[in-house]
Amino acid sequence: MYNKNKSKACDARILGSLHMKNTQSRRIALCGVLAALTVVILLTGNALGIGTYAAPMLASFLLIPSLVEYGPRAALTQYAASAVLGLLLVPDPELSLFYAMVLGPYPVLKTVLDRLHPALLRWGAKLAAFNLSAVLMYALLRLVFLPDILETMPA
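Going by the working numbering, the sequence shown opens with residue 1, and the numbers climb by one from there.
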């Protein structure tokens with residue numbers, strides 16, 4: 001005789017395994033689409049010529065949905081993919097480095113820094129992280145792309 005309870009349990013196992021694959025594929029699809037959209041925003045900022053600081057800021061907002069839905073690991077993976085693609089595809093090195101080193105990892109870093117309890121310490125850590133990453137980015141930009149600029153300028 002047909003046992004309804006056994007059939008429902010079997011259906012639940014099958015649907016559960018399909019749901020896990022669906023969640024994994026949704027995570028990959030969401031992070032991939034958001035990484036591609038990040039590169040599009042960076043390229044648009046480069047094409048407009050005024051997006052050196054605005055485009056990386058807007059692009060970093062695209063990490064928030066994957067951070068909220070799937071956690072910091074998925075957001076960091078999305079960030080890494082979009083940062084590498086941005087460095088390879090965006091012609092403006094300042095714009096792509098500003099995203100890759102300063103504003104790109106900030107949403108994930110903010111979740112870590114928000115756990116600090118005194119508000120003054122939290123604000124100080126956020127300011128220090130931003131300023132340190134900006135100084136490192138401009139130092140790298142100067143060393144790699146403008147190594148002899150001071151020697152070529154007239155006195």
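Built from N, CA and C at the ideal position, the CB exists for glycine as well.
Specify the secondary structure class of residue i as computed by DSSP and reduced to three states.
i	result
Tyr53	coil
Pro107	helix
Arg115	coil
Leu146	coil
Please list, in chain order, all residues of the same chain as residue i whose beta carbon is under 6 Å from its beta carbon, the five residues on each side excluded.
i	result
Lys126	Leu113
Phe145	Pro93
Kindly list the residues whose CB is nearer than 7 Å to the CB of residue i, restricted to its own chain and excluding five residues on each side of it in sequence; keep chain order.
i	result
Gly49	none
Met137	Leu97, Phe98, Met101, Val102
Measure the beta-carbon distance from residue i to residue j and round it to whole angstroms, keeping in mind my assumption that it falls under 8 Å.
i	j	result
Ala139	Leu109	Ala139 to Leu109, Cβ: 19 Å. No contact.
Thr23	Phe98	Their Cβ separation, rounded to whole angstroms, is 33 Å, which puts Thr23 and Phe98 out of contact at 8 Å.
Ser60	Gly104	6 Å
Thr170	Ala55	This structure does not reach residue 170, given that the chain is present from 1 up to 155, and the question cannot be answered.
Touch check for the stretch 79–95 and the stretch 22–40: three-plus C-beta pairs under 8 Å? Touching, yes, given that three or more Cβ pairs across the two stretches are closer than 8 Å.
What alpha helix (DSSP H) runs, 4 residues minimum, are completely inside the stretch 27–92? Runs found: 54–61, 63–70, 72–89.
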